[in-house]
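J.:
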Amino acid sequence: MATGETPRFLQAIELGVGAWQWGDKVIWNYGRGYAEADIRAAFDVSIGQGVTFIDTAEIYAMGKSERLVGKFIQTTEQPTLVATKYFPFPWRFGRKSVIAALKRSLERLGLDSVALYQVHWPPVMGSIEALMDGMAEAVEMGLTRAVGVSNFNQNQMMTAYSALSRRGLTLGSNQLEYSLLDRRIEKNGLLQRCKELGVRVIAYSPLGQGLLTGKYSAENPPPGLRGRQYGHLLGRIGPLIKLMTEIGQDIGGKAPAQIALNWCLCKGTLPIPGAKTAEQAEMNAGSTGWRLTEEQIAALDEASDKINR
Ligand SMILES: NC(=O)c1ccc[n+]([C@@H]2O[C@H](COP(=O)([O-])OP(=O)(O)OC[C@H]3O[C@@H](n4cnc5c(N)ncnc54)[C@H](OP(=O)(O)O)[C@@H]3O)[C@@H](O)[C@H]2O)c1
């Protein structure tokens, strides 16, 4: 691939599904309230609705998420696009560790190659350049189609971008937190910079980990760690949820979750909502094929600014 040429298939993907929930007990309580049959159904519905981009990581449920994704994709005829991630543990850095980790991910996934291999977080030890050497080698070996980063700020992303360019490759994506509850990348220029470079922004936690679905409130917080993490926001999201509900009603009965995801699409990002059940996957898939108006987006921006202020 020539320098400056964006891996095109990433630009064409509208929506994906996040698989952190698939097997994770620490944050998502896998095994309590939902189990393999439910996420299997979420997978089937997603694929059936054309949502074939699946985001996982080697650290999700210590490999279990990758194993479940691998199990599910083997039972469908439909081509899927699997993205996974390398975690730059401080004791593991450099080119060779990237290839070794990717091979173990591929084994768990039962695949010969993935669509996208991402560095999960900027490294604390070792250099971004060394990791990008490993990533470039992974492309050359045919183990991944494209290279991405995640949680990289502008400087870190430019370092990765330049290192890949020297190998004749283009950085495909930067996976970042982005939603109506977290618009830091919009305010600090990173989203705009990604667009200029043709780096696809993959929006994680696009539903604010469930808060933007309208089902949680100060009186009814999400269970476990999420309740503690988002406690400060729960008392302030009421007006935004009310506006999302009203806009949804105006456009033929869209749910707040669908408004939240469509807002991400309208901002030029690729949201990857996590889904625990067929019902959630179905609702999330219904966020594509239409667009909010400029006025609706502006109203949502304003309501979101009041929360984040
Ligand atoms: N790169 C990174 O550092 C990073 C960090 C975080 C996430 N991610 C990726 O991004 C994906 C998505 O982010 P996320 O999982 O943090 O948060 P999210 O997508 O904002 O929220 C997902 C949660 O919201 C609830 N939900 C989803 N769809 C719903 C619907 N239609 N109606 C009602 N509730 C619904 C479910 O939880 P409940 O039913 O329990 O409320 C679900 O587990 C992850 O799966 C992962 O692949 C990456």
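Per the numbering used here, the sequence shown starts with residue 117, numbered consecutively. Cβ coordinates follow ideal geometry from the N, Cα and C atoms, glycine included.
Do Val-263 and Met-251 have their C-beta atoms closer together than 8 Å?
T.: Residue numbering aside, residue 263 sits at position 147 when the sequence shown is read from its first letter. Residue numbering aside, residue 251 sits at position 135 when the sequence shown is read from its first letter. Cβ atoms of Val-263 and Met-251: closer than 8 Å.
J.: With three or more beta-carbon pairs closer than 8 Å as the criterion, would you say the segment 394-414 touches the segment 366-375?
T.: With a cut-off of 8 Å, the segment 366-375 and the segment 394-414 count as touching, because enough Cβ pairs lie within range.
J.: Given that a residue counts as buried once 16 or more other Cβ atoms are within 10 Å of its Cβ, and exposed if not, what is Pro-387?
T.: Position 271 of the sequence shown, counted from the start, is the residue given in the question as residue 387. Burial call: buried.
J.: Give the list of continuous beta strand (DSSP E) stretches no shorter than 3 residues that lie fully inside the segment 333-420.
T.: Taking only runs of at least 3 residues, no beta strand (DSSP E) segment lies wholly in the segment 333-420.
J.: Please report the distance separating the alpha-carbon of Gly-288 from that of Thr-393.
T.: Numbered from its first residue, the sequence shown carries residue 288 at position 172. Numbered from its first residue, the sequence shown carries residue 393 at position 277. Near 30 Å, if we compare the C-alpha coordinates of Thr-393 and Gly-288.
J.: In chain order, what residues of the same chain lie with their CB nearer than 6 Å to the CB of Ala-177, ignoring the 5 residues before and after it?
T.: As a first step, residue 177 must be located in the sequence shown, where it is residue number 61. Around Ala-177: Gly-139 and Asp-140.
J.: Between Pro-204 and Val-235, is the Cβ-Cβ spacing less than 8 Å?
T.: In the sequence shown, counting from the first residue as 1, residue 204 sits at position 88. In the sequence shown, counting from the first residue as 1, residue 235 sits at position 119. Yes, Cβ-Cβ distance for Pro-204 and Val-235 is below 8 Å.
J.: Terminal residues of the continuous alpha helix (DSSP H) containing Ser-243?
T.: Locating residue 243 in the sequence shown gives position 127, where the first residue counts as 1. Unbroken run through Ser-243: none, as it is neither H nor E.
J.: Among Glu-130, Arg-183, Ile-163 and Phe-169, whose alpha-carbon lies nearest the alpha-carbon of Glu-152?
T.: Indexing the sequence shown from 1 puts residue 152 at position 36. The option with the nearest alpha carbon to Glu-152 is Arg-183.
J.: Tell me the DSSP secondary structure of Phe-125 in three-state form.
T.: As a working note, residue 125 is residue 9 in the sequence shown. Phe-125: helix per DSSP, three-state reduction.
J.: Tell me whether the beta-carbon of Lys-201 lies closer than 8 Å to the beta-carbon of Ala-246.
T.: Position 85 of the sequence shown, counted from the start, is the residue given in the question as residue 201. Position 130 of the sequence shown, counted from the start, is the residue given in the question as residue 246. No, these two residues do not count as a Cβ contact at 8 Å.
J.: Over the uninterrupted beta strand (DSSP E) stretch that includes Gly-284, give me the two end residues.
T.: Walking along the sequence shown from the start, residue 284 turns up at place 168. Counting along the chain, Gly-284 falls outside any beta strand (DSSP E), and DSSP gives it neither H nor E.
J.: With C-beta atoms as the reference, is Ala-419 less than 8 Å away from Leu-328?
T.: The sequence position of residue 419 within the sequence shown is 303, counting from 1. The sequence position of residue 328 within the sequence shown is 212, counting from 1. Not in contact: Ala-419 and Leu-328 (Cβ atoms no closer than 8 Å).
J.: Which stretch, first to last residue, makes up the alpha helix (DSSP H) that contains Phe-268?
T.: For the purposes of this step, residue 268 is taken as residue 152 along the sequence shown, with counting starting at 1. Segment: none, Phe-268 is in no alpha helix (DSSP H) and carries neither H nor E.
J.: Inspect the beta-carbon positions of Leu-296 and Ala-376 and report whether they are closer than 8 Å.
T.: Looking up residue 296 in the sequence shown gives position 180. Looking up residue 376 in the sequence shown gives position 260. It is a contact, given that the beta carbons lie within the stated cut-off.
J.: Can you check whether the CB of Gln-270 is closer than 8 Å to the CB of Arg-309?
T.: Here residue 309 refers to the residue found at position 193 of the sequence shown. Here residue 270 refers to the residue found at position 154 of the sequence shown. Yes, Cβ-Cβ distance for Arg-309 and Gln-270 is below 8 Å.
J.: Among the residues of its own chain, which have a CB less than 7 Å from the CB of Tyr-332, if the five just before and after it don't count?
T.: Numbered from its first residue, the sequence shown carries residue 332 at position 216. Excluding sequence neighbours, Tyr-332 sits near Gly-326, Pro-338 and Leu-350.
J.: Below 8 Å on the Cβ atoms is my contact criterion, and I expect Leu-285 with Val-255 to pass it. Report the Cβ-Cβ distance as a whole number of Å.
T.: For the purposes of this step, residue 285 is identified with residue 169 of the sequence shown, where counting begins at 1. For the purposes of this step, residue 255 is identified with residue 139 of the sequence shown, where counting begins at 1. Right, the Cβ-Cβ distance comes to about 6 Å (below 8 Å), so this counts as a contact.
J.: Please confirm whether any heavy atom of ligand 1 lies closer than 7 Å to the CB of Asn-267.
T.: As a position in the sequence shown, residue 267 is number 151, starting the count at 1. Yes.
J.: Ignoring anything shorter than 4 residues, give me the alpha helix (DSSP H) runs that lie fully in the segment 203-266, in order along the chain.
T.: Runs of the alpha helix (DSSP H) inside the segment 203-266: 211-225 and 244-256.
J.: Check whether the Cβ of Thr-329 lies closer than 7 Å to any heavy atom of ligand 1, and answer yes or no.
T.: Position 213 of the sequence shown holds residue 329. Yes, since a heavy atom of ligand 1 falls inside the 7 Å radius drawn around the Cβ of Thr-329.
J.: According to DSSP, what are the bridge partners of Glu-320?
T.: Within the sequence shown, residue 320 is the residue found at index 204, counting from 1. The identity of residue 320 in the sequence shown is Tyr, whereas the question assumes Glu. Answer by DSSP bridge pairing, in chain order: Glu-293.
J.: Look at the Cβ atom of Cys-380, then the Cβ atom of Ala-319, and state whether they are nearer than 8 Å.
T.: Walking along the sequence shown from the start, residue 380 turns up at place 264. Walking along the sequence shown from the start, residue 319 turns up at place 203. The answer is yes: Cβ separation under 8 Å.
J.: Buried or exposed: Val-230, going by 16 or more other Cβ atoms within 10 Å of its Cβ?
T.: To locate residue 230, count along the sequence shown from 1; it is residue 114. Per the 10 Å Cβ criterion, buried.
J.: Under 7 Å from any heavy atom of ligand 1, does the C-beta of Asn-400 make it?
T.: As a position in the sequence shown, residue 400 is number 284, starting the count at 1. At least one heavy atom of ligand 1 is nearer than 7 Å to the Cβ of Asn-400, so yes.
J.: Pull up the DSSP beta-bridge partners for Gly-134, would you.
T.: Here residue 134 corresponds to residue number 18 of the sequence shown, with the count starting at 1. Asp-171 and Gly-390.
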